[in-house]
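2 protein chains.
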Amino acid sequence: MSQDASPDHQRLIRKLDVASNLTREDRTAIARLPLISRTFDKGEDLVRQGDSPKHACLVVEGVVCRHKYLSRGRRQILSIHVPGDMPDLQSLFLDVMDHGLATLTPGRAVFVPHGALRDLIRHSPNAGGALWRDTLIDASIFREGMAGLGRRTARERLAHLLCELAVRLRTLDLVGGPRFQLPLTQSDFADALGLTNVHVNRVFQDLRREGLVRTQGKLVQIEDWAALCVAGDFDADYLHLRAEAIPPDLQDGAPVRPTQGQGTRL
Amino acid sequence: MSQDASPDHQRLIRKLDVASNLTREDRTAIARLPLISRTFDKGEDLVRQGDSPKHACLVVEGVVCRHKYLSRGRRQILSIHVPGDMPDLQSLFLDVMDHGLATLTPGRAVFVPHGALRDLIRHSPNAGGALWRDTLIDASIFREGMAGLGRRTARERLAHLLCELAVRLRTLDLVGGPRFQLPLTQSDFADALGLTNVHVNRVFQDLRREGLVRTQGKLVQIEDWAALCVAGDFDADYLHLRAEAIPPDLQDGAPVRPTQGQGTRL
DNA sequence: CGTGTTATTGACCAACATCAAACTTAGTGG
DNA sequence: CCACTAAGTTTGATGTTGGTCAATAACACG
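Here's what the structure looks like:
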């Protein structure tokens, strides 16, 4: 790890390290990024649809989501972000935000000027690759989200989301074990899963009754990791984690999906 | 346009030009990419989930889709690709395919070795940026897809998809006007929209009855662009097209969505 | 202790799925 | 040019998941 990196820089380094290999030089360069810190209440907008931000946002405390509003007040949460994530990195190349960024809990974010990121990319192509790769993993998570919203049942969707969050929190060292806690409301889950809060509530009751999870208020604890993976049809491949970054306690449990083909086709 | 670029190269240049500004040098560099051509029947796999391709695929004829298979034979089409698209560009940085690539019609694709693309990125950072931007627009389309699958009705989803395809085909000069033809089956639409073919059929009948579209066999013609945009809650912003690339005949009709904020927030 | 948020419950409903059959259309070969 | 076939479209009857609405209960926080 870089010796002189601030805790906020460390978060970013750790995040990129989970999916890409960073050199010592990359870390040093990242540690030099200027960061502008700002705290947020729950439910605040960090960036709004239609904005043209000049900074990229790095979450350092709390939970943030990307979301879209549709006609008739409908809302879809596109992704949920935890400390280390850069949820609007795409703004570096896409001038106008096609979605908004909002907090789901109180928290803190730091903002990196686009110019500084461009310099980083220019001078450290490898770190630039890590950033590109991060945006590609983002897209992969969206794809998995599409598959879920399009074809999975409510129960599968909820179980799958819980599995995903468990893995992501765990790989970022944000929680101690497969039992993690996440302060989201059932309405938040509903907006993320394309369901209503009422139905999310009922599905949560099912999962509790079957002993897969436990909830206390807004906190969720996974009780039976393997069963939850099965219930959610969960396979972590789409997160594209480096093998070394996957915590051992989460490595099995993911059902082996029948691979449809091996080897490269020209 | 580059003088010495092959028609296949031209397709790619045109595609990147729709969203990014390419310099003359970029075009020349792109025109030098080695391409390996291959024709395909309908329903063939170009790349499979789990593969680790060493080439990126550029569609030059026909229609291709990215898709995922889930348990119990369920399938979700993630995106539909037309000539000019590079549907697995992400494989440049993500080693293992988290989804498959298959043809929906007979067609032809050319394959670009990853090495050649890496060279291009290294020597033409601007062209590299255009590629990165292309993958980011990809992600934006996924986000819009998530919002649709999660929160839009069957009717809105179908209308929206037709609008999107119309704009993309039009900006790539693949069709002459807002009335375009697309040889997809209703089952293809169903897999893309998270519906059943039966229900897609019924929604198509509604749209025809109301005079929004016309179908003959597998061909779809848009009859009332403005009304279809309204029916699909369609706003092309998420495609992140350069203003100059938007064909005039499609510029209006998209409903103005109330912007929720202006200006950059720090 | 009050007040606003979140969770829970129940009755009822709508959109879309399922299943199965019939009908069209586009090719294909004789 | 016609019969044959396979793929795709259309229709109807029926079932299920999850939505809607509205009220109540449980918390959390000042």
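Order-wise, the sequence lines are chains L and F. Residues in the first sequence are numbered consecutively from 111, following the working numbering. Residues in the second sequence are numbered consecutively from 111, following the working numbering. Ideal Cβ placement from N, Cα and C applies to all residues, glycine included. A quick note: this is a predicted structure, and the numbers were derived from the prediction, not measured.
- With a cut-off of 8 Å on Cβ pairs, the stretch 116-130 of chain L is not in contact with the stretch 201-214 of chain L, counting fewer than three such pairs.
- Our two residues, L/H165 and L/V222, have alpha carbons roughly 5 Å apart in a direct line.
- Rounded to whole angstroms, the gap between the alpha carbons of L/W242 and F/R243 is 10 Å.
- For F/A240, the enclosing alpha helix (DSSP H) stretches over residues P235 to R261.
- If you check each beta-carbon in the stretch 242-271 of chain L against every beta-carbon of chain F, the ones closer than 8 Å belong to W242, R243, T245, L246, I247, D248, A249, S250, F252, R253, E254, G255, M256, A257, L259, G260, R261 and R262.
- Here DSSP, grouped into helix, strand and coil, assigns L/G153 to coil.
- In the three-state scheme derived from DSSP, where H, G and I count as helix and E and B as strand, F/P357 is classed as coil.
- Taking one beta carbon from each stretch, the stretch 287-298 of chain F and the stretch 243-256 of chain F have fewer than 3 pairs nearer than 8 Å; the two do not touch.
- Scanning its chain for C-beta atoms nearer than 7 Å, with the 5 sequence neighbours on each side dropped, one finds around F/L284 the residues V192 and P193, in chain order.
- A residue is called buried once 16 or more other Cβ atoms fall within 10 Å of its Cβ, and F/D114, having fewer, is exposed.
- Among the CB atoms of chain L, none fall inside 8 Å of the CB of F/H119.
- Of the candidates F/R185, F/P235, F/T263 and F/D345, F/P235 places its Cα closest to the Cα of F/A139.
- Interface residue (Cβ-Cβ distance to chain F less than 8 Å): L/K178 is classified as such.
- Beyond the five residues adjoining it in sequence on each side, L/S162 comes within less than 6 Å, by CB distance, of D205 and V206 in the same chain, given in chain order.
- From the beta-carbon of L/F203, the residues of chain F found nearer than 7 Å are G239, W242, R243 and L246.
- Check the Cα spacing between F/L292 and each of F/L349, F/C167 and F/R324: the tightest is with F/R324.
- A straight line joining the alpha-carbon of F/R134 with that of F/H177 spans about 35 Å.
- Not a single C-beta of chain F is nearer than 8 Å to the C-beta of L/D136.
- Rounded to the nearest whole angstrom, the C-alpha separation of F/I123 and F/R280 is 16 Å.
- Residue L/A341 holds the alpha-carbon nearest to the alpha-carbon of L/R318 among L/D118, L/A341 and L/S189.
- Interface flag for F/Q200 against chain L is set, since a Cβ pair is found closer than 8 Å.
- In the three-state DSSP reduction, F/T133 falls in the coil class, being neither helix nor strand.
- Close CB contacts of L/A302 within its chain, under the 6 Å cut and outside five residues either way in sequence, are with I187 (chain order).
- The continuous stretches of beta strand (DSSP E) do not include F/Q296, which lies in the alpha helix (DSSP H) extending over residues Q296 to L303.
- Apart from sequence neighbours up to five positions away, the residues of its chain that approach L/H209 with a beta-carbon distance below 7 Å are Q159, R176, H177, K178 and L188, ordered along the chain.
- The C-beta distance from L/D229 to L/K125 rounds to 20 Å, too long to meet the 8 Å contact threshold.
- Here F/P197 is buried: its Cβ has 16 or more other Cβ atoms, across all protein chains shown, within 10 Å.
- Using a Cβ-Cβ cut-off of 8 Å, L/H350 counts as an interface residue toward chain F, since at least one Cβ of chain F sits closer than that to its own.
- Under the Cβ criterion of 8 Å, L/S181 is counted among the residues facing chain F.
- Listed along chain F are L259, G260 and R261, each with a C-beta nearer than 7 Å to that of L/G304.
- Closer than 8 Å to the CB of F/L132 there is not a single CB belonging to chain L.
- F/H270 and F/V220 have their C-alpha atoms some 29 Å from each other.
- Under the three-state reduction of DSSP output, F/E266 falls in the helix class.
- Look at F/S201 here: in three-state DSSP terms it is helix.
- In this structure, the straight-line span from the alpha carbon of F/D118 to that of F/I146 is close to 10 Å.
- The C-beta of L/H233 has fewer than 16 other C-beta atoms within 10 Å across all chains shown, which makes the residue exposed.
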